[in-house]
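Protein chains in written order, with this note's numbering: chain A, 3 to 503; chain B, 51 to 512; chain C, -19 to 240.
Here's the structure, in structure tokens; my notes come after.
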Amino acid sequence: MASETQAHPPADHGHDAHGHDAHEHGHFGPEMWVIPEASGLVAEVNEKQRTTPGIFRMVLYAGAALTILGIVGFVLKAMTAGFSDHRAWGFYVATFAFVFTLTASAPLAACAFRFTKSHWRRPLSRIAEIFSLVSIVNILLFIPALIALPDIGVMTEGGEQMVRRSIWFQELVNPSGWLLAGMVGLSFCSVAILWLAALPDMAQSRHLVTGFRASLYGKLAGGWYGTKKQWQVQKGGLAILGALYFMMVVFVQFLVVSDFAMAMIPGWKDSILPPFYTVISFQGGLAAILLVAYAMRRWGGYRDMIGQAPFWAASKVLLGLTLLHTYHLFAFFITYWYGRLEVEQAILNYLMFDSYIGIFWAQLFFTFFIPFPILVSNHARREGWGAPLAAIFIVIGLMLWHIRIFAAAFAAAPAELGGLYYLPSNAFSFPAMLLPVPGATFPDLWDIFMILGGVGIVLLVFRIGMMLLPPLSLWEMKEGSMYQRVDTLIRGRYLVLTKPE
Amino acid sequence: MQEGKVLPAAQINRDLLRSILETPRWFWPVVSILGLVVLAATITIGIMINTGLGITGLNYKVVWGFFITNFVFWIGISHAGVMLSAILRLAKAEWRRPATRAAEVLTIFSLMTAMIMPIIHTGRPWRILYWAFPYDFARGIWPNIRPPLVWDPSAILTYLTSSTLFVLIALVPDFAVLRDRTTGWPKIVYTMLAMGWEGNPRQWKLQIIAGVLLSALILPVFVSVHSIVSWDFGMAVAIKSWHSTVFAPYFVVGAVHSGVSAVVFAMILLRWAYGWQDYIRHEHIDALGRLLIVVATGWFYFLVMEIIFGIYGLEGDELAVRALQFLPGEYGVAYNVWMIVFVGITYFLPVILWLPKAWRRNLWIMSAACISVNVGMWLERYLLFVPGQANKQFLTFTWNDYLPRWPEALIVAATFAFVSMLMLLFSRVFPLVPLYDIKEGDILRTEMQIGRRKLTATFRED
Amino acid sequence: MPNAQFEHKWGMVADLDKCTGCQACVIACQAENNIPINTKDYFLQRRAYEWIRIERYWEGEYPNVKARFMPVLCQHCENAPCEPVCPVFATYHNEEGLNVQVYNRCVGTRYCINNCPYQVRMFNFWHPNWPARMENQLNPDVTVRSRGITEKCTFCVQRIRRGELQVEARDGNRLNDETISGGNYDPACVQACPTNALMFGDLQDSNAAIKPYFDDVNAHPGHGEHDRETRGYRLLEEMNTRPSVIYLKKIDKYPLEAGH
């Protein structure tokens, strides 16, 4: 059966030249995607990286400008509001959480689909891993948020203790150290994943690049010779680090969303929130990856290397995550709505139906009602634009989600208690409640600056990462081109894949 | 990567139809024993309907006991079918092929068994049609659609219908094979069931489209069934520890955990009973074991969430339930011991057994791990439902525990016998490993030379 | 409803300052409503039940100790958790503010029992039996419930109905506090209470003695409870069930010694 061992499309083909015959047979799917031949790959990617299109340079400048705007906003906010009143920092925390949500889980996409040996992941892996660099920004963004976060227990002038509920159960008065340690560990782990994954690529490219990158690659990948032992260590390390990172992400997200959102709203006891947050973070991370992949394919000249198949496959995963998002939302809603307890009614009114009703519906449309029809359409998924289009809406919707949860949580507690709420010294008695339900909170100008700055700094750091590192996972692409073949089965031409252990 | 040889189609037919065309000597004795257990339970149910629920161990505090635990357990088992056939089919996992049919059939039988439980648990089961089937137009009495107990039959019956369709569509090509190899009245039956299948391209195309469509459409049903079952408990405000938002995904993941384990055990049994070593191979069990590690870890995460946020509120009533669950037997009940046993045998023991590759490929160890998961998941439901009820009241000072009595124990045991019996009888008339799916896998399978190694490879349709 | 010409909303007030825990209400209820005799067997099986029970709480430690009594019966919640969970509409809210149980519809799923925060719904595990000599004393106005169903306090709906027939339908007068107690149309527990700790009335009647308590509690819901003028409160107010029974706090003339 193995009539052709390695059937690669000719090197000089046009964009639509290959895969024609396969397309006639495939019933729903995209045109057959064959990874280009491995020999010229390294040089080609380096060439593409050198000739950056203008739009990418624009991203860099825009990111830098927005970052400066954000810093200005932050400084002015700190000067005008100070850190004593946490209610001024709701939108800042929402911005931090948004950036953290998207970027912390993006590298997981690389690990997860490498674990499942999905062929289509190969061009997306590096995009996902470069998001690791943003994790350093996450730490920086996290420190002011930690300062703004009120302590679990505060003694007031009257000698009474103001406390909020927390997952730390009043045992550790100041969990900030643990939270920060979690963030730093997360950042360290994800950068290690990036380094380990990019190691072979940097080693391959170290003679092709010049200037700063040459010395960087020399330092980072100097000892890589591609021996069998090194490959074993690299692949094993990636698998172990990936599993470790997965658990750490889930754990830190649990800490962040419980401490910065749930504990801030009196009486909010919602066990689905951490899984919910994790699901939306996977959704957002994948959406961000797909947006970058689309930009690279559309403007960066990676049309053949990325192909339609990654979008076709990834958009199905995105559809699943979008449905899961809505499912978790519904599971939360139905339990509270049906339960009809006083505090549940108050929280539903606050987060969904009264104070934040506009943001809630906008968010629901952006994260479900608009992306869902796009993602179920075979046409939109196949052509490669469906998933990125849905991803734009999802990213905007997730920003709104963070405002609805985090900004609302920071503004929730009644003012007369100094923003915290009173729990009687005997914590076993009547639980504190969100009553009366406060109104919505609105951002001031500095908040808007900081939100823009949060988006800007991600663009900036990510773009720098794309400039410094090979933007395509070269070794995975090469591996992919080795494990693939186009072959005839009965009357059709199909892609043949192997997936060794 | 697949292991084992590509077998000729004739041999596949011969091997996989062996269970139908020949009767092993152990078959009827085993079925009879199982049948006797079921008969005894049926008589017990009759006595229970005749004299009332007084003969069970239920009391005025714990009104939902073994039957509801067992109901949720079997609904959980039913989630294996879709997990394996629909999700893995959409994910194009090659190693799903021998497992799909057994999983789907187990789905159907466990759903049927599960539905018996809430019916016999009611005080007046003969009136159940009121609620399960909204038939009574004439008197203008329409069942209340607000309770989760009415969502239950809707979801379960939808799931049962769609799973049955799913199995039937997958069975049609195999029915045709059977039609061509039988004589007499079985031939007539198989001819009707095969519905004129000739195996022409159009029929195949329709069969594949139907399979893919049903896979995609059944997924929301799959999620909704156990979510709704979880809402039987999650909607109840008066019992602390039940009213938790995480219940829906927690139950779904737990269901997949126990269901897939049950399927693995069933496959190992089938392999042993019918000599299907060439079809249910070590690599399939291995892959399922790896899937189970992921599922189990996800389940454990939800379990931890449920417990942490149960305590998080620091509300006295809820803490009392948690104390009953976790602290040493202050009230004469050792729930804490059971809790430790349950977490140990549901998560830690099996995951440790699944981690080394050699153990995943050892069928004895795999069987032990899968049985341990299912015992643990049964305990999980019991420990989730009963302590909350034993200690449910906000006001009263009397707490009361629950001890099941023999009718409940017998009926619960008989459900296991019932499902096993149905599976055996099914294997007697229908192929439990899909012939056409195995053949398709063999056709799509090829080889690839990489360096000095020859690897198996797969043709991809998109 | 036998006569729709008058609207009612029935309510009850239990004054804990007057309650002595004598259990007369329990016995009256048992006799009025054909509740099976709680035999020794039933107690051992933990299946004995009462429609109204006296809860007894100890406060302090011996010898510095006080007993507190609280009669708990179906609260006839306006927002009852038991109602939406019944698959067969066996329990629902009627026009007079009563949470009613239709025994004929009930199939015995027992979800309502699990969803009642007050634990006043009871399941009939056995067919009820009375000694032959007692069968003639069963109340003919009340159904003898079969096994396999859930039952609970009805606010003695049979007496209310009799009042509606005799006073409203026949005489055309609205039931008020005076006619209710004069004609023995109030629930058996209220009638039997020797200290008049239980009061029954119609909240639609502006002159009802219980109305001020309800007005006060409704005007200061939940967190406003410290602003209330009366001693009134509802059980488990945070459950948002809005019961039709109001309790009046006990006045502690001789509080427990401090330090315990």
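We put the CB at the ideal spot given by N, CA and C, even for glycine.
Computed from a predicted structure; not experimentally measured.
Please identify, using Cβ separations under 8 Å, the residues of the stretch 273 to 298 of chain A that lie next to chain B, in order along the chain.
Within the stretch 273 to 298 of chain A, the residues whose Cβ lies closer than 8 Å to some Cβ of chain B are 273, 274, 275, 276, 277, listed in chain order.
Kindly confirm or deny that the stretch -8 to 10 of chain C and the stretch 40 to 59 of chain C touch, where touching means at least three C-beta pairs closer than 8 Å.
By the C-beta criterion, the stretch -8 to 10 of chain C is judged to be in contact with the stretch 40 to 59 of chain C, since at least 3 inter-stretch pairs fall below 8 Å.
Could you name each continuous beta strand (DSSP E) segment of 3 residues or more that falls completely within the stretch 70 to 149 of chain B, going from the start of the chain to the end?
As for any beta strand (DSSP E) of minimum length 3 sitting wholly inside the stretch 70 to 149 of chain B, there is none.
First through last residue of the beta strand (DSSP E) which encompasses residue 505 of chain B:
Counting from 1 along the second sequence, the entry for residue 505 of chain B is found at position 455. Here the beta strand (DSSP E) through residue 505 of chain B covers 503 to 510.
Curious, which full-length alpha helix (DSSP H) runs of at least 4 residues does the stretch 226 to 268 of chain B contain?
Entirely contained in the stretch 226 to 268 of chain B, the alpha helix (DSSP H) runs reaching 4 residues are, in chain order, 234 to 244.
Is the shortest distance between the beta-carbon of residue 65 of chain C and the beta-carbons of chain B less than 8 Å?
For the purposes of this step, residue 65 of chain C is taken as the residue at position 85 of the third sequence. Cβ-Cβ to chain B under 8 Å: yes for residue 65 of chain C.
Backbone CA spacing between residue 37 of chain B and residue 506 of chain B [nearest angstrom]:
Lying before the first or after the last residue shown, residue 37 of chain B is absent from chain B, which here runs from 51 to 512.
Between which two residues does the alpha helix (DSSP H) carrying residue 142 of chain A extend?
The count along the first sequence starts at 1 and reaches residue 142 of chain A at position 140. Its alpha helix (DSSP H) spans residues 136 to 150.
Environment of residue 169 of chain B [buried if 16+ CB atoms lie within 10 Å]
As a position in the second sequence, residue 169 of chain B is number 119, starting the count at 1. That one is buried.
Name, please, each residue of chain C whose Cβ falls closer than 9 Å to the Cβ of residue 172 of chain B.
Counting from 1 along the second sequence, the entry for residue 172 of chain B is found at position 122. Chain C residues near residue 172 of chain B: 87, 88, 89, 90, 128.
Residue 272 of chain A and residue 177 of chain A look like a contact to me (Cβ under 8 Å); what is the Cβ gap, rounded to whole Å?
Start at 1 with the first residue of the first sequence, and residue 272 of chain A comes out as number 270. Start at 1 with the first residue of the first sequence, and residue 177 of chain A comes out as number 175. Incorrect: roughly 19 Å between the Cβ atoms, too far for contact.
Tell me the rounded alpha-carbon separation between residue 150 of chain B and residue 131 of chain B.
Residue mapping note: residue 150 of chain B aligns to position 100 of the second sequence, counting from 1. Residue mapping note: residue 131 of chain B aligns to position 81 of the second sequence, counting from 1. The alpha-carbon separation between residue 150 of chain B and residue 131 of chain B amounts to approximately 7 Å.
Could you name each continuous beta strand (DSSP E) segment of 3 residues or more that falls completely within the stretch 72 to 102 of chain C, going from the start of the chain to the end?
Every beta strand (DSSP E) stretch that sits fully inside the stretch 72 to 102 of chain C and reaches 3 residues is listed by chain position as 79 to 81.
For residue 173 of chain B, count the other beta carbons within 10 Å of its own beta carbon; 16 or more makes it buried, fewer makes it exposed. Which is it?
As a first step, residue 173 of chain B must be located in the second sequence, where it is residue number 123. Residue 173 of chain B is classed as buried because its beta carbon has at least 16 other beta carbons within 10 Å across all chains shown.
Alpha-carbon spacing of residue 274 of chain A relative to residue 369 of chain B, whole angstroms
The residue given as residue 274 of chain A occupies position 272 in the first sequence. The residue given as residue 369 of chain B occupies position 319 in the second sequence. Looking at the two C-alpha atoms, the distance is approximately 19 Å.
Roughly how many whole angstroms lie between the Cα atoms of residue 99 of chain B and residue 30 of chain C?
Numbered from 1 along the second sequence, position 49 holds the residue referred to as residue 99 of chain B. Numbered from 1 along the third sequence, position 50 holds the residue referred to as residue 30 of chain C. If you take the alpha carbons of residue 99 of chain B and residue 30 of chain C, they lie about 25 Å apart.
I need the boundaries of the alpha helix (DSSP H) containing residue 103 of chain A, first residue and last residue.
As a position in the first sequence, residue 103 of chain A is number 101, starting the count at 1. Run containing residue 103 of chain A: 92 to 117, per the alpha helix (DSSP H) assignment.
Entirely enclosed alpha helix (DSSP H) segments - the stretch 338 to 377 of chain A, minimum 4 residues:
Positions of the alpha helix (DSSP H) runs, each at least 4 residues long and wholly inside the stretch 338 to 377 of chain A, are given as 344 to 350, 359 to 366 in order along the chain.
Check the C-beta distance from residue 202 of chain A over to residue 244 of chain A and give it rounded, since I have them as a contact under 8 Å.
Here residue 202 of chain A is taken as the residue at index 200 of the first sequence, counted from 1. Here residue 244 of chain A is taken as the residue at index 242 of the first sequence, counted from 1. Contact doesn't hold; Cβ gap of about 16 Å is too wide.
Spatial neighbours of residue 293 of chain A within its chain, please: CB distance less than 6 Å, with the 5 preceding and 5 following residues excluded, ordered by chain position.
Taking the first residue of the first sequence as 1, we reach residue 293 of chain A at position 291. So the qualifying residues of the chain are 390, 393.
State the DSSP-derived secondary structure class of residue 38 of chain C, mapped to helix, strand or coil.
Here residue 38 of chain C refers to the residue found at position 58 of the third sequence. Looking at residue 38 of chain C - three-state DSSP - the assignment turns out to be strand.
Are any of the Cβ atoms in chain A nearer than 8 Å to that of residue 179 of chain C?
Counting from one through the third sequence, the residue named residue 179 of chain C turns up at place 199. Closer than 8 Å: no.
According to the neighbour-count rule (16 or more other Cβ atoms, all chains shown, within 10 Å of its Cβ), is residue 57 of chain A buried or exposed?
Here residue 57 of chain A refers to the residue found at position 55 of the first sequence. So residue 57 of chain A ends up on the exposed side.
Looking at the unbroken beta strand (DSSP E) that takes in residue 59 of chain A, where does it start and where does it end?
As a working mapping, residue 59 of chain A is identified with position 57 in the first sequence. Counting along the chain, residue 59 of chain A falls outside any beta strand (DSSP E), though it belongs to the alpha helix (DSSP H) covering 56 to 83.
Return yes when the Cβ of residue 264 of chain A is within less than 8 Å of the Cβ of residue 345 of chain A, no when it is not.
Your numbering for residue 345 of chain A matches position 343 in the first sequence. Your numbering for residue 264 of chain A matches position 262 in the first sequence. Not in contact: residue 345 of chain A and residue 264 of chain A (Cβ atoms no closer than 8 Å).
Rounded to whole angstroms, what's the CA-CA distance from residue 301 of chain A to residue 55 of chain A? Just pull it up for me.
Working through the first sequence from its first residue, we reach residue 301 of chain A at position 299. Working through the first sequence from its first residue, we reach residue 55 of chain A at position 53. Cα to Cα, the separation comes out at about 7 Å.
What is the residue span of the alpha helix (DSSP H) that residue 372 of chain B lies within?
In the second sequence, counting from the first residue as 1, residue 372 of chain B sits at position 322. Boundaries of the alpha helix (DSSP H) around residue 372 of chain B: 366 to 376.
Give the DSSP-derived three-state secondary structure of residue 408 of chain A in the structure shown.
The count along the first sequence starts at 1 and reaches residue 408 of chain A at position 406. Collapsing the DSSP output to three states places residue 408 of chain A in a helix.
For residue 326 of chain B, the nearest candidate out of B:59, B:58, B:67 (CA to CA):
Numbered from 1 along the second sequence, position 276 holds the residue referred to as residue 326 of chain B. For residue 326 of chain B, the closest of B:59, B:58, B:67 by C-alpha to C-alpha distance is B:67.
Judging by CA-CA distance, which residue of C:180, C:68, C:219, C:210 is the nearest neighbour of residue 78 of chain C?
As a position in the third sequence, residue 78 of chain C is number 98, starting the count at 1. Put simply, of C:180, C:68, C:219, C:210 the residue whose alpha carbon is nearest the alpha carbon of residue 78 of chain C is C:180.
Measure the C-alpha to C-alpha separation of residue 275 of chain B and residue 212 of chain C and round it to an integer number of angstroms.
Taking the first residue of the second sequence as position 1, residue 275 of chain B is located at position 225. Taking the first residue of the third sequence as position 1, residue 212 of chain C is located at position 232. For residue 275 of chain B and residue 212 of chain C, the distance between alpha carbons rounds to 44 Å.
For residue 297 of chain C, which of helix, strand or coil comes out of DSSP?
Here chain C covers residues -19 to 240 and nothing more, so residue 297 of chain C does not appear.
Residue -5 of chain C by DSSP, collapsed to three states: which one?
The sequence position of residue -5 of chain C within the third sequence is 15, counting from 1. Looking at residue -5 of chain C - three-state DSSP - the assignment turns out to be strand.
Residues from the stretch -1 to 23 of chain C in contact with chain B, defined by Cβ distance under 9 Å
Along the stretch -1 to 23 of chain C, none of the residues has a CB nearer than 9 Å to a CB of chain B.
Taking residue 376 of chain A as the reference, which of A:500, A:313, A:73, A:64 has the closest Cα?
One-based indexing of the first sequence puts residue 376 of chain A at position 374. Of the listed residues, the one whose Cα sits closest to residue 376 of chain A is A:313.
Can you name the start and end residues of the beta strand (DSSP E) that residue 67 of chain B belongs to?
Here residue 67 of chain B refers to the residue found at position 17 of the second sequence. Going by DSSP, residue 67 of chain B is part of no beta strand (DSSP E) at all; its letter is neither H nor E.
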